[in-house]
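Structure first, commentary second.
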């Protein structure tokens with residue numbers, strides 16, 4: 016077998032594999048043995064059908080299909096020597112007869128990526144404002160959790176606590192959905208739920224009744240009747256936060272002063288902030304990588320990849336359903352193309368940065384255990400079970416190692432991108448003035 020390199024188109028290397036008559040004859044013998052194992056022909060004993068009979072029976076397909084398969088197997092040995100392949104090699108041309116054969120193969124290599132960090136800009140919440148909000152929220156929660164309840168005979172007001180018994184029925188059918196469930200509500204002024212708003216102004220022993228309409232489907236509506244019996248009304252007296260409050264009410268925290276409490280809350284908030292910001296920056300960078308990355312890639316590679324994806328979807332019976340989401344098959348294929356290029360840019364950019372900064376794919380046992388702890392709640396299993404899975408199941412370990420690898424690369428990129436500090440309002444949202 017003679018191998019010639021015909022040319023290079025960006026990331027595609029095209030090679031020609033040439034076979035002489037002796038190699039064709041050897042391929043014919045292997046084909047004959049294969050066909051005699053698979054087929055029987057009337058008038059011949061099994062395994063004893065001559066080559067000429069098979070040639071006559073299959074005609075042009077004998078070479079175009081059966082001998083071709085044998086020759087491709089020969090080329091596979093060369094395929095294995097090709098490094099850095101992005102896709103399975105593509106048979107571009109083939110010519111086969113009894114005297115010679117040529118097979119032209121496109122080798123689609125992983126494209127070279129160029130990443131422009133200046134195109135990536137991440138938003139970071141103002142740390143001081145976030146921590147101030149967190150401190151205020153935690154202190155407010157502590158006061159509410161330690162509120163003193165004072166029975167009240169008069170009407171309920173905002174910030175009171177009300178114990179109720181609730182009944183809900185379908186107004187049209189009379190079907191009972193809730194039959195006397197007991198609940199407690201704090202009547203916050205900014206709580207716009209009808210139940211809360213309807214309880215304000217009523218006292219112990221009152222029965223509050225109102226209807227609520229819900230949408231059922233696009234056109235149908237359903238009406239429920241709410242009947243709420245007020246069992247008790249309490250005025251909530253929130254304690255003042257002092258050193259005495261900390262010592263007497265928060266003894267389990269082993270603190271002596273209000274300042275110590277605030278410092279502990281700020282330490283807790285800082286850890287949460289740092290973890291959340293790191294995660295947020297990673298997500299923002301990953302989302303912006305496609306726009307910041309250029310690929311040295313041939314359009315032929317992208318077209319080939321789309322064909323492979325479409326064929327795979329057809330084999331799995333998913334393609335027709337996918338096309339229905341779009342106005343036409345062309346638009347569906349374009350969506351596949353855009354998604355493929357976007358993901359390829361991310362992958363190529365990450366590989367390039369990892370190579371530049373010598374970031375290895377292999378993770379340490381300590382890193383794997385740390386990620387197992389993070390992933391356990393998402394997997395719905397215990398931390399110990401997650402650690403065992405990561406350690407003992409190769410596919411799980413590989414998946415987690417890849418997550419760690421990508422995070423390391425994104426963290427390295429984060430050192431080189433512009434950061435915009437965003438002001439945060441008291442509700443924790445971004446201030447309009449930032450826009």
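Numbering (our numbering), first residue to last: 16 to 450. Every residue gets a Cβ at the ideal spot worked out from N, C-alpha and C, and that includes glycine. Keep in mind the model is a prediction, meaning the values are calculated, not measured.
Buried or exposed (CB count within 10 angstroms, at least 16 for buried), residue i
{"i": "residue 450", "result": "For residue 450, the pLDDT reaches just 47, beneath the cut-off of 50, and the residue's location in the model is therefore unreliable, leaving the point undetermined."}
{"i": "residue 123", "result": "buried"}
{"i": "residue 331", "result": "exposed"}
{"i": "residue 71", "result": "exposed"}
{"i": "residue 175", "result": "buried"}
{"i": "residue 486", "result": "Because the chain in this structure spans residues 16 to 450, residue 486 falls outside the shown range and cannot be described."}
{"i": "residue 416", "result": "buried"}
{"i": "residue 83", "result": "buried"}
{"i": "residue 284", "result": "buried"}
{"i": "residue 192", "result": "exposed"}
{"i": "residue 130", "result": "buried"}
{"i": "residue 245", "result": "buried"}
{"i": "residue 308", "result": "buried"}
{"i": "residue 46", "result": "buried"}
{"i": "residue 21", "result": "exposed"}
{"i": "residue 40", "result": "exposed"}
{"i": "residue 311", "result": "exposed"}
{"i": "residue 387", "result": "buried"}
{"i": "residue 302", "result": "exposed"}
{"i": "residue 11", "result": "Since the first residue of the chain shown is 16 and the last is 450, residue 11 is not available in this structure."}
{"i": "residue 222", "result": "exposed"}
{"i": "residue 23", "result": "exposed"}
{"i": "residue 85", "result": "buried"}
{"i": "residue 77", "result": "buried"}
Nearest neighbour of residue i, chosen from the options [CA to CA]
{"i": "residue 369", "options": "315, 428 and 76", "result": "428"}
{"i": "residue 215", "options": "170, 188 and 20", "result": "170"}
{"i": "residue 160", "options": "86, 287, 256 and 117", "result": "256"}
{"i": "residue 391", "options": "379, 380 and 404", "result": "404"}
{"i": "residue 421", "options": "374, 400 and 395", "result": "374"}
{"i": "residue 258", "options": "267, 55, 275 and 243", "result": "275"}
{"i": "residue 28", "options": "185, 315 and 199", "result": "315"}
{"i": "residue 288", "options": "142, 21, 328 and 311", "result": "142"}
{"i": "residue 200", "options": "190, 213, 188 and 194", "result": "213"}
{"i": "residue 30", "options": "121, 109 and 51", "result": "121"}
{"i": "residue 4", "options": "207, 137, 48 and 187", "result": "Limits of the chain in this structure are 16 at one end and 450 at the other, which puts residue 4 out of reach."}
{"i": "residue 300", "options": "326, 322, 220 and 424", "result": "424"}
{"i": "residue 125", "options": "250, 363 and 64", "result": "363"}
{"i": "residue 204", "options": "172, 177 and 218", "result": "172"}
{"i": "residue 106", "options": "95, 96, 99 and 87", "result": "87"}
{"i": "residue 127", "options": "380, 376, 371 and 231", "result": "371"}
Secondary structure of residue i, DSSP reduced to three states
{"i": "residue 431", "result": "coil"}
{"i": "residue 311", "result": "strand"}
{"i": "residue 168", "result": "coil"}
{"i": "residue 439", "result": "strand"}
{"i": "residue 244", "result": "strand"}
{"i": "residue 231", "result": "strand"}
{"i": "residue 174", "result": "coil"}
{"i": "residue 186", "result": "coil"}
{"i": "residue 239", "result": "strand"}
{"i": "residue 374", "result": "coil"}
{"i": "residue 21", "result": "strand"}
{"i": "residue 56", "result": "coil"}
{"i": "residue 223", "result": "strand"}
{"i": "residue 61", "result": "coil"}
{"i": "residue 396", "result": "coil"}
{"i": "residue 203", "result": "coil"}
{"i": "residue 450", "result": "Confidence in residue 450 is poor, its pLDDT being 47 and thus under 50, which makes the residue's placement too unreliable to answer from."}
{"i": "residue 16", "result": "coil"}
{"i": "residue 210", "result": "helix"}
{"i": "residue 46", "result": "helix"}
{"i": "residue 3", "result": "Missing from the structure shown is residue 3; the chain here goes from 16 to 450 and no further."}
{"i": "residue 294", "result": "helix"}
{"i": "residue 270", "result": "coil"}
{"i": "residue 265", "result": "coil"}
{"i": "residue 284", "result": "helix"}
Those residues which DSSP pairs with residue i across a bridge
{"i": "residue 198", "result": "179"}
{"i": "residue 191", "result": "184"}
{"i": "residue 120", "result": "30 and 106"}
{"i": "residue 138", "result": "435"}
{"i": "residue 347", "result": "Answer by DSSP bridge pairing: none, since residue 347 is not bridged."}
{"i": "residue 128", "result": "310"}
{"i": "residue 111", "result": "116"}
{"i": "residue 250", "result": "165"}
Proximity test, residue i beta-carbon vs the ligand GDP heavy atom, cut-off 8 Å
{"i": "residue 231", "result": "Among the ligands in the structure shown, none appear at all, so the ligand GDP cannot be discussed."}
Could I get the ranges of all uninterrupted beta strand (DSSP E) runs contained in the segment 78 to 103, with 3 residues as the minimum, in chain order? None, since the segment 78 to 103 contains no complete beta strand (DSSP E) of that length.
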